[in-house]
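Enquirer: The structure under discussion is supplied below as C-alpha cells; questions concerning it will follow.
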Amino acid sequence: MIVGETPPPSGAFGVDAIAMTMRFGDFLALDNVALKVRPGSFHALLGENGAGKSTLVKCIMGYYHATEGDILVGGREQAIGNPKDAHALGLGMVYQHFTLVPAMTVAENLVLARDDVPAMVNWSREMKDLEAFLARMPFKVPLSAKVSDISAGERQKCEILKQLYLKRRFLILDEPTSVLTPAEADEVLGMLRDMVVKGELTILMITHKFREVMAFADDVTILRRGKLAGAGKVSELTPDAMARTMIGAEELTVQPPRTGEAGKARLELAKMRALDDAGAIAVHDVSLTVRAGEIVGIAGVSGNGQRQLVEVLAGQREAESGEIRVAGAPYHASREEMRRHNMSLLPEEPLKNACVGGMSVADNIAFREFDRAPFASLGWWLNRGAFRVDARKKIAQYKIKTRTPDTPISALSGGNVQRAVLARELGGGVEVLIAANPCFGLDFAAVARIHAEIMAARNRGAAVLLVSEDLDELLELSDRLVVMFHGEFVYEARTSEADLTVVGRHMAGH
Amino acid sequence: MADGSIGLWTVPLAVLGGAIRVSTPFLFVSLGECITERSGRINLGLEGTLVMGAMSAYGISYLTGSPWLGVLAAGITGALLGALHAGICSLPRVNDIAVGIALMLFGTGLAFYLGKPLIEPTAPRLPAIDFGWWSDIPQVRAALRVNVLFLIGVALAPILYWAFRTTRWGLLIRTAGESSDAARAMGHSVLLIRLRATMVGGFLAGIGGSFLSLFYPGSWNEGLSSGQGITAVALVIFARWDPLLCLWASLAFGGAAALGPALQSVGVTSGYHLFNAAPYILTLAIMIITCSPKRTLTGAPAELSITR
Numbered sequence: 016m017i018v019g020e021t022p023p024p025s026g027a028f029g030v031d032a033i034a035m036t037m038r039f040g041d042f043l044a045l046d047n048v049a050l051k052v053r054p055g056s057f058h059a060l061l062g063e064n065g066a067g068k069s070t071l072v073k074c075i076m077g078y079y080h081a082t083e084g085d086i087l088v089g090g091r092e093q094a095i096g097n098p099k100d101a102h103a104l105g106l107g108m109v110y111q112h113f114t115l116v117p118a119m120t121v122a123e124n125l126v127l128a129r130d131d132v133p134a135m136v137n138w139s140r141e142m143k144d145l146e147a148f149l150a151r152m153p154f155k156v157p158l159s160a161k162v163s164d165i166s167a168g169e170r171q172k173c174e175i176l177k178q179l180y181l182k183r184r185f186l187i188l189d190e191p192t193s194v195l196t197p198a199e200a201d202e203v204l205g206m207l208r209d210m211v212v213k214g215e216l217t218i219l220m221i222t223h224k225f226r227e228v229m230a231f232a233d234d235v236t237i238l239r240r241g242k243l244a245g246a247g248k249v250s251e252l253t254p255d256a257m258a259r260t261m262i263g264a265e266e267l268t269v270q271p272p273r274t275g276e277a278g279k280a281r282l283e284l285a286k287m288r289a290l291d292d293a294g295a296i297a298v299h300d301v302s303l304t305v306r307a308g309e310i311v312g313i314a315g316v317s318g319n320g321q322r323q324l325v326e327v328l329a330g331q332r333e334a335e336s337g338e339i340r341v342a343g344a345p346y347h348a349s350r351e352e353m354r355r356h357n358m359s360l361l362p363e364e365p366l367k368n369a370c371v372g373g374m375s376v377a378d379n380i381a382f383r384e385f386d387r388a389p390f391a392s393l394g395w396w397l398n399r400g401a402f403r404v405d406a407r408k409k410i411a412q413y414k415i416k417t418r419t420p421d422t423p424i425s426a427l428s429g430g431n432v433q434r435a436v437l438a439r440e441l442g443g444g445v446e447v448l449i450a451a452n453p454c455f456g457l458d459f460a461a462v463a464r465i466h467a468e469i470m471a472a473r474n475r476g477a478a479v480l481l482v483s484e485d486l487d488e489l490l491e492l493s494d495r496l497v498v499m500f501h502g503e504f505v506y507e508a509r510t511s512e513a514d515l516t517v518v519g520r521h522m523a524g525h
Numbered sequence: 026m027a028d029g030s031i032g033l034w035t036v037p038l039a040v041l042g043g044a045i046r047v048s049t050p051f052l053f054v055s056l057g058e059c060i061t062e063r064s065g066r067i068n069l070g071l072e073g074t075l076v077m078g079a080m081s082a083y084g085i086s087y088l089t090g091s092p093w094l095g096v097l098a099a100g101i102t103g104a105l106l107g108a109l110h111a112g113i114c115s116l117p118r119v120n121d122i123a124v125g126i127a128l129m130l131f132g133t134g135l136a137f138y139l140g141k142p143l144i145e146p147t148a149p150r151l152p153a154i155d156f157g158w159w160s161d162i163p164q165v166r167a168a169l170r171v172n173v174l175f176l177i178g179v180a181l182a183p184i185l186y187w188a189f190r191t192t193r194w195g196l197l198i199r200t201a202g203e204s205s206d207a208a209r210a211m212g213h214s215v216l217l218i219r220l221r222a223t224m225v226g227g228f229l230a231g232i233g234g235s236f237l238s239l240f241y242p243g244s245w246n247e248g249l250s251s252g253q254g255i256t257a258v259a260l261v262i263f264a265r266w267d268p269l270l271c272l273w274a275s276l277a278f279g280g281a282a283a284l285g286p287a288l289q290s291v292g293v294t295s296g297y298h299l300f301n302a303a304p305y306i307l308t309l310a311i312m313i314i315t316c317s318p319k320r321t322l323t324g325a326p327a328e329l330s331i332t333r
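Sequence lines, in order, name chains A and B. For the first sequence, the working numbering gives the first residue as 16, with consecutive numbering after it. For the second sequence, the working numbering gives the first residue as 26, with consecutive numbering after it.
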C-alpha cells in the first residue's frame, strides 16, 4: 500500500476508488469498479439509470460501505464510515433532490449546514460574514429570501454555494443541471470550471448530458450495469462513442418518422387560470390550441405552473377560471368525458399520479375500463379473470417486467411502472394525449420506447400536449414549442424554426 | 354605583379576567404543541398529559406542601409522557395521530385511577399577584389577580419566537419539521430531535395541567380539563405554528370560555350552556374561515402527517 500525502490544507485534491464491489443481498450493484479523479480536474461519471453511479458516489461519501474496495483521498487510504467522516476530509456532495429547507431563508440554510452552529446565532455578525463570503464567490444568491421563493436555478446555486461555504474542496454533483435552463447550466458549470482551473476544487459530476461532458469535463468514467465500461480523456472521445459505451449492445426501439399534417383543433384552452396549493396563481390565463396530428411541447424550468396545468387537465385540480374544450365540447376532466374523447394521460411521477401502489399490475392496467364489459357485468360485478387476461396481453406487448399480473405495482421499477401506464393509456385508440415528463429517470431503452409511442400516437392523428423539462426531448418530438414562465406562455415557435438561445432566454424569463 | 355594582361593565371585565385565568392552560399546551409540531410531529396525547399534570401537581403539592414542587412534578410527568409518545412514534410505520389518541385515553385514565384519593384533601395553591390594588371595585380586583404561571407563559411566547430563529435548537427543530431529508443529510438524527421536542412539549403541557389543579379552578376532579388539551392542539393550527399567535389565540379562547359565566353573573341565564360552548363554536368558525380545500395551510411544517 503506497501511502501518499494527506489532503493538502487548501486547494484541490484527488480521489481514487479502487476495485469497488457493492452487494445488496443477491444484487451486485458495483462489480470491481475503478474510478480515478485527478486533483484539480473536472471529472464526469456517465451511465444509465441503475448503472451504479449513485451507489459508487454514496460509497465514497460514506452512506454505503462497499463490500470490497478502497477509497484513497489525496493519495492516502481512508476508512470513510459515514458522511461526517467524508465532510471532515473536505468531500461534499450536491444531491439531485434539494437538501435545502424550503421554509427557511438562504442565510438560515447556510448557517444551519455548518458543523459548529453556535447555540445562539448572532445574525447580524453571521450576515456580515456571509456577505463577505458571497463577495468572493462567482455567483450570487439573495441571502434573506426564503428558499421556497427563489427559482430552481438559484436553489441549485445555493446548494453549490453551501458546499463551498463549508470549505469542501472535492465536490460530487449529482445531475446538477436537471433543473436549470441551458444558459444557467453553462453559467454554473462554467464558474465551477474556473475554480477547478485555478486549482481550488476537484469536481466529480454525475450526468447524462453529453453536451456538458464535452464542454466542461476533462476526464470521463462510464459505468454500465455495475461494471466499468470505459474511461478516458474527454478530448479523445466523441458523444457517439460515449453513448455506445453506456448502452452496450442493447437494441433501441426505432422511432417512426413524422408523417401527416396537423388537422382540426382537438384540445383548446381559453384563458385558463389555476392556483397552486398555497392559493397563489400558478397558471395565469393561458390559451392554447393543440390540433389533431400535432405534438405541442411546453418547455420551462420546473415550478413555472406546468404541474398545475397538467393537474387541471387530468382532473386533479379545479381550474379557477377559463375554459377547456376538447373536440369543440366543454371539458371538465370527468371520467365520462375522458372516455368519450379517448383522452390519455401520462402524468409525471406515474406511481404517485397514475397508479395505486398497493393494487396489482392487472388492476392498475384496468383502471380506465374496469367497470365496463368485458371487465364487469351490469357495471358493478367485476370479472377478475378478464383483468388478468387483458393484463397478460399488455404485459407481453409492452414488455413490462413483473413476476405476475397480481404483483403490487409499487414493487416494479420506475421504467416498468411507466410501461404499465403506457399500456393502459395507449392500449386503445388515442385522440388526445397529455404527457408530463414521461421519461424522467428512465433508461435509454425505456425512453426510446416512450418516444416512439408518442410519435406513433401523433402519426395516428392524436393531439399531443407534451410538457417536459428536458429541452432535447421537446426539440426531438414536438411540432410546435411553447415556453412557460411564471404561469404564462411567453414564447411560441415551430420547433423546426426555434432558436435554442431564444428559447433558453425565455425559460429564464428574459 | 354606590353599592359597588358596575352594571354591564361586569361582562367585559369578567371576560378579561377569564381570558387571563382560563387561557393559561391553553397557552402552555399550545406553546408546547407548537414546539412538537414544528419538529414535524403531532402529539394529540397532550389532553392526557394535561390531566396527568394536574393530578401529579395536586398530589405532590399536597404531599410536600409546596405548590412549586407540584408544578415541577407536573412538568416531569408531562416530559415522560412526551418521551413515551416519541418513543412509540420512533418505531417504523407508526402513526403519530393514532398514538396520540391512545395516549390521550391512557393519560386521562391513569390520572383518574391514581387521583382517586386526591379528590377529598385540599392542597396548597399557587400564589397570585394582585395587579388590581389600585382599584376599590372588587370585580376589577378579581379580574386582575394574575397568576405567576400566566406571566411565565406570556414571557415564554416571545422567547420561543426568538429561539426558533436564533438558536441552534430552534433551527434544528424547524429543519426536522420542514425537511427530514435535509436534517438527515446534515447528519442529524431526526428521531432524537423529535424526541426532545416532544418531551419539551409534554413538559409545558404538564405545567399547564398544574395550573388547572393548583390555581383555577384549583382542585382535583375528573371533569377538570373537559377537552382543553385537544382544543389547545387545534389552536396551534389556528395560530399557524407561531408562538406569538399562540398567545393571542389562547387569550381569545380564554375570553370566549369566560363569556358564559360572565353573562350569568349579570343575570343573563337563558342559553347559559350555549354560551359555555363559545370556545368550541369559535374553534369551528375559525377553522371554517381559515381553511380551504384548494390550499394547503400556510406556515404548516412540511413534515407533519396532516400536511404531507
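For every residue, glycine included, the Cβ atom is placed at its ideal position computed from N, Cα and C.
1) Does Lys143(A) come out as helix, strand or coil in the three-state DSSP assignment?
2) Quick check on this structure: which residue in Ala477(A), Val116(A), Leu179(A) and Phe459(A) has the alpha carbon closest to the alpha carbon of Ser493(A)?
3) Taking the beta carbon of Met312(B) as the centre, do at least 16 other beta carbons fall within 10 Å, making it buried, or is it exposed?
4) Name the chain B residues that come within less than 9 Å of Trp138(A), Cβ to Cβ?
5) Does any residue of chain B bring its CB to less than 7 Å from the CB of Val18(A)?
6) Is the region 55-69 of chain B touching the region 214-234 of chain B in the sense that three or more CB pairs, one from each, lie closer than 8 Å?
7) Buried or exposed for Lys73(A), going by 16 or more other Cβ atoms inside 10 Å?
8) Just the chain C side, please: which residues come within less than 8 Å of Ser238(B) by C-beta, in chain order?
9) Mind checking if Thr401(A) is an interface residue toward chain B, Cβ cutoff 7 Å exclusive?
10) What separation, rounded to the nearest whole angstrom, lies between the Cα atoms of Ala342(A) and Leu328(A)?
11) Spatial neighbours of Ala391(A) within its chain, please: C-beta separation below 8 Å, excluding the five flanking residues on both sides.
12) For Gly157(A), does the three-state DSSP call read helix, strand or coil?
13) Count the other CB atoms, across all protein chains shown, that sit within 10 Å of the CB of Phe39(A); report buried if there are 16 or more and exposed otherwise.
14) Does the region 151-169 of chain A come close enough to the region 73-84 of chain A that 3 or more CB-CB pairs lie under 8 Å?
15) Answer with yes or no whether the minimum CB distance from Thr200(B) to chain A is below 7 Å.
16) How far does the beta strand (DSSP E) with Gln93(A) in it reach, from first residue to last?
17) Which bits of chain A does Gly65(B) rub up against, with CB to CB less than 7 Å?
18) For Glu62(B) and chain A, any beta-carbon pair shorter than 7 Å?
19) Can you tell me whether DSSP reads Lys286(A) as helix, strand or coil?
20) At what residue ranges does the region 206-242 of chain A contain a whole run of the alpha helix (DSSP H), taking only runs of 4 or more?
21) State the Cα-Cα distance for the pair Met108(A) and Ala310(B), rounded to the nearest angstrom.
22) Quick one: any contact between the region 219-232 of chain A and the region 251-258 of chain A, if contact means 3 or more CB pairs under 8 Å?
23) Closer than 9 Å between beta carbons: that is the criterion. Which residues of the region 100-122 of chain A meet it against chain B?
24) Taking the alpha-carbon positions, what's the Ser302(A) to Ile175(A) distance?
25) Is the CB of Gly212(B) under 7 Å away from at least one CB in chain A?
26) Taking all protein chains shown into account, do 16 or more other C-beta atoms lie within 10 angstroms of the C-beta of Ser35(A), making it buried, or fewer, making it exposed?
27) Answer with buried or exposed for Phe42(A), where buried requires no fewer than 16 other C-beta atoms within 10 angstroms of its C-beta.
28) Return the first residue and the last residue of the beta strand (DSSP E) that Ile310(A) is part of.
29) Which one of Phe459(A), Val517(A) and Leu360(A) has the shortest CA to CA distance from Val436(A)?
30) On the three-state DSSP scale, how would you describe Val194(A)?
31) So, helix, strand or coil for Gly84(A), using DSSP?
32) Could you pull out every residue in the same chain whose Cβ sits closer than 8 Å to the Cβ of His213(B), ignoring the five residues on either side in sequence?
33) So that I know if they touch, is there some Cβ in chain A lying closer than 7 Å to that of Ser204(B)?
34) Interface residues of chain B around Leu127(A) at Cβ under 8 Å?
35) Rounding to the nearest angstrom, what Cα-Cα distance links Ala277(B) and Met119(A) in this structure?
36) Report the CB separation of Ala210(B) from Tyr110(A) in whole angstroms; it is logged as a contact under 8 Å.
Expert: Checking against the coordinates, here is how it stands:
1) Within the first sequence, residue 143(A) is the residue found at index 128, counting from 1. Reduced to three states, the DSSP call for Lys143(A) is helix.
2) Reading the first sequence from its first residue, position 478 is the one you call residue 493(A). Nearest option by C-alpha distance: Ala477(A).
3) As a working mapping, residue 312(B) is identified with position 287 in the second sequence. Met312(B) should be labelled exposed.
4) For the purposes of this step, residue 138(A) is taken as residue 123 along the first sequence, with counting starting at 1. Within chain B, the residues near Trp138(A) are Arg190 and Thr191.
5) Taking the first residue of the first sequence as position 1, residue 18(A) is located at position 3. Per-residue confidence for Val18(A) stands at a pLDDT of 45, beneath the threshold of 50, marking its modelled position as unreliable; the derived number appears in the next sentence. By this cut-off, Val18(A) is not an interface position.
6) Cβ pair count under 8 Å is three or more, so yes.
7) In the first sequence, residue 73(A) corresponds to position 58, counting from 1. So Lys73(A) counts as buried.
8) Absence of chain C from the displayed structure is noted, the protein chains being A and B.
9) Position 386 of the first sequence, counted from the first residue, corresponds to residue 401(A). A small correction: the amino acid at residue 401(A) is Ala; Thr does not occupy that position in the sequence shown. Output row for Ala401(A): interface = no.
10) Numbered from its first residue, the first sequence carries residue 342(A) at position 327. Numbered from its first residue, the first sequence carries residue 328(A) at position 313. Going by the C-alpha atoms only, they are around 14 Å apart.
11) Translated into the one-based positions of the first sequence, residue 391(A) becomes position 376. Result list for Ala391(A): Phe385, Leu397 and Asn398, in chain order.
12) Within the first sequence, residue 157(A) is the residue found at index 142, counting from 1. The question names Gly, but residue 157(A) is Pro in the sequence shown. Looking at Pro157(A) - three-state DSSP - the assignment turns out to be coil, as it is neither helix nor strand.
13) Residue mapping note: residue 39(A) aligns to position 24 of the first sequence, counting from 1. Counting Cβ neighbours within 10 Å, Phe39(A) comes out exposed, since fewer than 16 surround it.
14) The region 73-84 of chain A makes no contact with the region 151-169 of chain A; the number of CB pairs closer than 8 Å stays below 3.
15) Within the second sequence, numbered from 1, the residue matching residue 200(B) stands at position 175. By this cut-off, Thr200(B) is an interface position.
16) Residue mapping note: residue 93(A) aligns to position 78 of the first sequence, counting from 1. First-last of the beta strand (DSSP E) with Gln93(A): Arg91 to Gln93.
17) Taking the first residue of the second sequence as position 1, residue 65(B) is located at position 40. Ordered by position in chain A, no residue passes the 7 Å Cβ test against Gly65(B), which lies about 11 Å from the chain.
18) Counted from its first residue, the second sequence places residue 62(B) at position 37. Not an interface residue.
19) If you number the first sequence from 1, residue 286(A) lands on position 271. Strand, per DSSP.
20) 225-231
21) On the first sequence, residue 108(A) is found 93 positions in, with the first residue counted as 1. On the second sequence, residue 310(B) is found 285 positions in, with the first residue counted as 1. Rounded to whole angstroms, Met108(A) to Ala310(B) spans 48 Å at the Cα level.
22) yes
23) His102, Met108, Tyr110, His112, Phe113, Thr114, Leu115, Val116, Pro117, Ala118 and Met119
24) Locating residue 302(A) in the first sequence gives position 287, where the first residue counts as 1. Locating residue 175(A) in the first sequence gives position 160, where the first residue counts as 1. Rounded to whole angstroms, Ser302(A) to Ile175(A) spans 37 Å at the Cα level.
25) Here residue 212(B) is taken as the residue at index 187 of the second sequence, counted from 1. Closer than 7 Å: yes.
26) As a working mapping, residue 35(A) is identified with position 20 in the first sequence. Looking at the sequence itself, residue 35(A) is Met, so the reference to Ser does not match. Its Cβ being crowded by 16 or more others within 10 Å, Met35(A) is buried.
27) The residue given as residue 42(A) occupies position 27 in the first sequence. Exposed, because fewer than 16 other Cβ atoms sit within 10 Å of the Cβ of Phe42(A).
28) Mapped onto the first sequence, residue 310(A) falls at position 295. From DSSP, the beta strand (DSSP E) with Ile310(A) extends over Glu309 to Ala314.
29) On the first sequence, position 421 is the one that residue 436(A) refers to. Checking every option, the nearest Cα to that of Val436(A) belongs to Leu360(A).
30) Here residue 194(A) refers to the residue found at position 179 of the first sequence. Val194(A): coil per DSSP, three-state reduction.
31) Start at 1 with the first residue of the first sequence, and residue 84(A) comes out as number 69. The answer is strand: DSSP assigns Gly84(A) an E or B state.
32) Here residue 213(B) is taken as the residue at index 188 of the second sequence, counted from 1. The residues are Leu197, Thr200 and Ala201.
33) Counting from 1 along the second sequence, the entry for residue 204(B) is found at position 179. For Ser204(B), the answer is yes, since a Cβ of chain A falls inside 7 Å of its Cβ.
34) Counting from 1 along the first sequence, the entry for residue 127(A) is found at position 112. Going along chain B in sequence order, the residues near Leu127(A) (Cβ under 8 Å) are Leu196, Leu197, Thr200 and Met211.
35) Numbered from its first residue, the second sequence carries residue 277(B) at position 252. Numbered from its first residue, the first sequence carries residue 119(A) at position 104. Each residue's Cα considered, the two are about 29 Å apart.
36) What you label residue 210(B) is simply residue 185 of the second sequence in a count that begins at 1. What you label residue 110(A) is simply residue 95 of the first sequence in a count that begins at 1. Sure, about 7 Å apart at Cβ, within 8 Å.
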